[in-house]
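Asks:
Chains as they are written, first to last, in the numbering used here: chain A, 836 to 1398; chain B, 6 to 255.
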């Protein structure tokens, strides 16, 4: 038998991608257009930002060069940590949990070839996002400095081994983890690690304390600030080598030492990881299928809570089932924790940003922030609803026949889903809005408007997610796939439009009221009527969005009988 | 052709397979029977090289699976209970990829793929995505893949699940023809009629241990004789039907 090259094992993924492109559907085009459009805008902004910073730094000559060099090393250092973590998570999937391993492991494929194929896939999957975001930045720097063509070749030569090294380290960590824990349990552990990783990033950012730059009296500390930035830049890290290698290319020279360090380390890590893989992969893969007994948490408090609520038996049992299924799936609820971490950072920043130091702007900024905060709360609701409320009907999956054959109306079923999603979401966003506005010290009138508006927005967005989730279910798909489906994209577009309209309808009368009070101008009766009308319109639009979406969802579920 | 010796698989303190030994000779269809959770699938997954045995030895076509995994796997076709097929590949693409895994090169693969698709009545769907296939069609496609490389031994886990009567009949005919050509087939099944109709030898496994082994006649005798049907023998050997409890509950 002639052994086929390891690249042969990558063919199904290439063929699958080609088939997807050939059989593109309306929903795929819409999604590609939306995400592609957002991606192009972000990349354009990154390119322009990098270009602008580079051209500005050029004015400072040697100090500018120093800062650019520092910036490149920091850029790579940031991505180094991300790639290592991404390598851990991705390799857990590609080496141990991927479905196609059942086919490949039963085939006469040598361990070495399987490793190379899996590692190539891991590097690709773990680093594509970094490369997509790094490309416009490096292009911007190159164009900003009118770099020679060799710079772009250097960038390519630097990025490839730079991606391989941390991903290999991450994959080695996974291999070690899986020899201790079965892979499915390791996945839960990794979700927790991801939270710690997010917390570490937050702490690092807080440690740098960028708000110090706003303080005029702390100007002498700026050198200390840069010293803080420089301290982790050890010459032993690949991020330093990549930064130096690239900076030399930017200046039209070459830095063989750091380039060679990158490539030899990448190759050595690949060889070492391959040897470790041959030694431990099969036992780890075999253990990954060990799940004779899963731990079951009784969650008796869920039963007690549900029995304390004034609910019918049917709704109570649906609530208990939904809560227990959600809470027992660690990978589901842990996804909420990074979001909470970001929200805490967001709130902390309100406290840290001392706007009183800019007295001329502070009043305006604070009250504008009340509206920005309202929009933020809306986006948080929309995002969480997309991930957790929209897939609620689809999550019934193959077990949906149990609901459909039981004496429960589709109306009761969908409304149960709605209330289950609404209550935690309302508590969370109302708390977020009140606390943020309190920290900012916004005008009491705006505090009341924001608190009331969040109630309407949460009802409307959770209703929209429940209704569209019932209208476009994808039974059997995992929640991430459901959120990215045609219905999920349609929900997000409608939700964004709704939030923008709400901000306009609430922002205009609020601004008018604040402006009149600030200037001591009395508003005409017509103005006051228009302002009240604007508030009423916002409420009507919210209630209509909520009820119409729910009615549409119930009808769609009832129509399933006819199809 | 397939020989397993004192095979053990432990999950912590739980022993799923406990010293199983059996041999499937060339041309033999060997039924591997047992109640749910008895250790049938675990044993077959170890033979396929998907699970690492705690101890014991597996030999396929003279190749020790632990020492020469590639040579052993080349001689084996495996049909799992829950088949994995790339959903976004067409049936033809999937078979060509599968052939490549077993070293069948470009010149011979097209003819062989068509032979297999014809045999399992899937030729019309060669260029259709697997995601559009019914369960039975996916099952037949996996069988195409398992026989594509002309294996000398085949391990099959529950081959009849989800097949319509025509599909089931087709599979039985294919297995018989393969066995006539000298292929050794180890088949786990719950469908005792299928075992009675097709198997030359059976092994009955319960709680990880082989409790009866031999030809159908030998197994009948082990159960004390007097049973016309394999179902009665199976129930007798594996602990009764529990009908009395059903009467009490209904």
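Backbone N, C-alpha and C define an ideal beta-carbon position, used for all residues, glycine too.
Remember, it's a predicted structure, so these values are computed and weren't measured experimentally.
1) Tell me which residues of the stretch 1317 to 1347 of chain A have at least one Cβ-Cβ distance to chain B shorter than 8 Å, keeping chain order.
2) Looking at the C-beta of residue 1127(A), does it have a partner C-beta in chain B at a distance below 8 Å?
3) So that I know if they touch, is there some Cβ in chain A lying closer than 8 Å to that of residue 211(B)?
4) Let me make sure I understand the geometry here. Which of 1214(A), 888(A), 1290(A) and 1349(A) has the alpha-carbon closest to that of residue 1326(A)?
5) Going along the stretch 136 to 157 of chain B in order, which residues come within less than 8 Å of chain A, judged by CB to CB distance?
6) Which stretch, first to last residue, makes up the alpha helix (DSSP H) that contains residue 984(A)?
7) Name the DSSP beta bridge partners of residue 193(B), please?
8) Indicate whether residue 1293(A) and residue 1207(A) have their beta-carbon atoms separated by less than 8 Å.
9) Distance check for residue 1111(A) and residue 1007(A), CA to CA, integer angstroms please.
10) For residue 1281(A), tell me which candidate among 977(A), 1344(A), 1360(A) and 955(A) has the shortest Cα-Cα distance.
11) Let me see if you follow: with CB-CB separation under 8 Å, is residue 851(A) close to chain B or not?
12) Would you be able to state if there are at least three C-beta pairs under 8 Å between the stretch 64 to 76 of chain B and the stretch 121 to 139 of chain B?
13) Using a Cβ-Cβ cutoff of 8 Å, what residues of the stretch 33 to 44 of chain B are near chain A? List them in chain order.
14) Which partner residues does residue 217(B) have in the DSSP bridge list?
15) Which chain A residues sit within Cβ distance under 7 Å of residue 57(B)?
16) Under 6 Å Cβ to Cβ from residue 1303(A), same chain only, skipping five residues before and after it: list those, please.
17) Give the residues of chain B in contact with residue 935(A), contact being defined as C-beta atoms less than 8 Å apart.
18) Return the first residue and the last residue of the alpha helix (DSSP H) that residue 1159(A) is part of.
19) Let me check understanding here. Comparing Cα to Cα, which of 1265(A), 980(A) and 1245(A) lies closest to residue 1394(A)?
20) Less than 8 Å between CB atoms is the rule here; does residue 78(B) satisfy it with respect to chain A?
21) Is the CB of residue 839(A) under 8 Å away from at least one CB in chain B?
22) Taking only beta-carbon atoms, is residue 83(B) less than 8 Å away from chain A?
23) Strictly below 8 Å CB to CB, what residues from chain B border residue 855(A)?
24) Looking at the structure shown, is residue 32(B) part of a helix, part of a strand, or coil, going by DSSP?
25) Note the first and the last residue of the continuous alpha helix (DSSP H) segment covering residue 188(B).
26) Hey, out of 206(B), 83(B) and 46(B), whose CA is closest to residue 30(B)'s CA?
27) Assuming residue 903(A) and residue 892(A) are in contact, meaning their beta carbons sit under 8 Å apart, how far apart are those beta carbons, in whole angstroms?
28) Between residue 895(A) and the rest of its own chain, which residues show a CB-CB distance below 8 Å, the 5 nearest in sequence each way excluded?
29) Where does residue 844(A) fall in DSSP's three states?
30) Taking the alpha-carbon of residue 969(A) as reference, which of 987(A), 983(A) and 954(A) has the nearest alpha-carbon?
31) Compute the distance between the beta-carbons of residue 941(A) and residue 53(B), then report whether it is under 8 Å.
32) Taking beta-carbon pairs under 8 Å, can you tell me which members of the stretch 1266 to 1292 of chain A lie near chain B?
33) Would you list, in chain order, the members of the stretch 926 to 954 of chain A that have their beta-carbon closer than 9 Å to a beta-carbon of chain B?
34) Within 10 angstroms of the Cβ of residue 1090(A), are there 16 or more other Cβ atoms? Answer buried if so, exposed if not.
35) Interface residues of chain A around residue 189(B) at Cβ under 9 Å?
36) Using DSSP with H/G/I as helix, E/B as strand and the rest coil, what is residue 94(B)?
Replies: Taking the definition as stated:
1) Flagged: no residues at all.
2) For the purposes of this step, residue 1127(A) is taken as residue 292 along the first chain, with counting starting at 1. For residue 1127(A), the predicted model reports a pLDDT of 47, less than 50, meaning its position is unreliable; a value from the coordinates is still stated below. Residue 1127(A) counts as touching chain B.
3) As a position in the second chain, residue 211(B) is number 206, starting the count at 1. Judged by the 8 Å Cβ criterion, residue 211(B) is not in contact with chain A.
4) Numbered from 1 along the first chain, position 491 holds the residue referred to as residue 1326(A). Residue 1214(A) is the option with its Cα nearest to residue 1326(A).
5) none
6) As a first step, residue 984(A) must be located in the first chain, where it is residue number 149. Residues 984 to 1015.
7) For the purposes of this step, residue 193(B) is identified with residue 188 of the second chain, where counting begins at 1. DSSP, once it has assigned bridges, lists 37(B) and 162(B) as partnering residue 193(B).
8) As a working mapping, residue 1293(A) is identified with position 458 in the first chain. As a working mapping, residue 1207(A) is identified with position 372 in the first chain. Not closer than 8 Å, so no.
9) Looking up residue 1007(A) in the first chain gives position 172. Looking up residue 1111(A) in the first chain gives position 276. Cα-Cα distance, rounded: 8 Å.
10) Taking the first chain and counting its residues from 1, the one referred to as residue 1281(A) is at position 446. Per the Cα distances, 1344(A).
11) Counting from one through the first chain, the residue named residue 851(A) turns up at place 16. Chain B, which has a Cβ nearer than 8 Å to the Cβ of residue 851(A), makes this yes.
12) no
13) none
14) The residue given as residue 217(B) occupies position 212 in the second chain. DSSP, once it has assigned bridges, lists 209(B) as partnering residue 217(B).
15) What you label residue 57(B) is simply residue 52 of the second chain in a count that begins at 1. Near residue 57(B) (Cβ distances below 7 Å), the residues of chain A are 1117, 1118 and 1121.
16) Residue mapping note: residue 1303(A) aligns to position 468 of the first chain, counting from 1. Counting only residues of its own chain and dropping the five nearest sequence neighbours on each side, residue 1303(A) has a CB closer than 6 Å to the CB of 1322 and 1326.
17) Your numbering for residue 935(A) matches position 100 in the first chain. Simply 89 and 91.
18) For the purposes of this step, residue 1159(A) is identified with residue 324 of the first chain, where counting begins at 1. Counting along the chain, the alpha helix (DSSP H) containing residue 1159(A) begins and ends at 1148 to 1163.
19) One-based indexing of the first chain puts residue 1394(A) at position 559. The residue with the shortest Cα to Cα distance from residue 1394(A) is 1245(A).
20) On the second chain, residue 78(B) is found 73 positions in, with the first residue counted as 1. Cβ-Cβ to chain A under 8 Å: yes for residue 78(B).
21) Residue mapping note: residue 839(A) aligns to position 4 of the first chain, counting from 1. Yes, residue 839(A) lies at the interface with chain B (some Cβ there is under 8 Å from its Cβ).
22) Locating residue 83(B) in the second chain gives position 78, counting from the first residue. In terms of beta-carbon proximity, residue 83(B) lines the interface with chain A, with at least one pair separated by less than 8 Å.
23) In the first chain, residue 855(A) corresponds to position 20, counting from 1. Ordered by position in chain B, the residues that pass the 8 Å Cβ test against residue 855(A) are 93.
24) Position 27 of the second chain, counted from the first residue, corresponds to residue 32(B). Correct three-state label for residue 32(B): coil.
25) As a first step, residue 188(B) is located in the second chain; it is residue number 183 there, counting from the start. Residue 188(B) -> no alpha helix (DSSP H), and no H or E assigned at all.
26) Position 25 of the second chain, counted from the first residue, corresponds to residue 30(B). Among 206(B), 83(B) and 46(B), the Cα nearest to that of residue 30(B) is on 206(B).
27) Position 68 of the first chain, counted from the first residue, corresponds to residue 903(A). Position 57 of the first chain, counted from the first residue, corresponds to residue 892(A). With a Cβ gap of about 5 Å, residue 903(A) and residue 892(A) count as contacting.
28) Indexing the first chain from 1 puts residue 895(A) at position 60. Once the five neighbours on either side are set aside, the close Cβ partners of residue 895(A) are 902.
29) Here residue 844(A) refers to the residue found at position 9 of the first chain. Looking at residue 844(A) - three-state DSSP - the assignment turns out to be helix.
30) Residue 969(A) sits at position 134 when you count from the first residue of the first chain. Checking every option, the nearest Cα to that of residue 969(A) belongs to 987(A).
31) One-based indexing of the first chain puts residue 941(A) at position 106. One-based indexing of the second chain puts residue 53(B) at position 48. Contact: yes.
32) Result list empty, no residue passes.
33) 934, 935, 936, 937, 938, 939, 940, 941, 942, 943, 944, 945 and 946
34) Mapped onto the first chain, residue 1090(A) falls at position 255. Buried: at least 16 other Cβ atoms inside 10 Å.
35) Position 184 of the second chain, counted from the start, is the residue given in the question as residue 189(B). Near residue 189(B) there are no residues of chain A at all, since even the closest Cβ is about 17 Å away, more than 9 Å.
36) One-based indexing of the second chain puts residue 94(B) at position 89. Reduced to three states, the DSSP call for residue 94(B) is coil.
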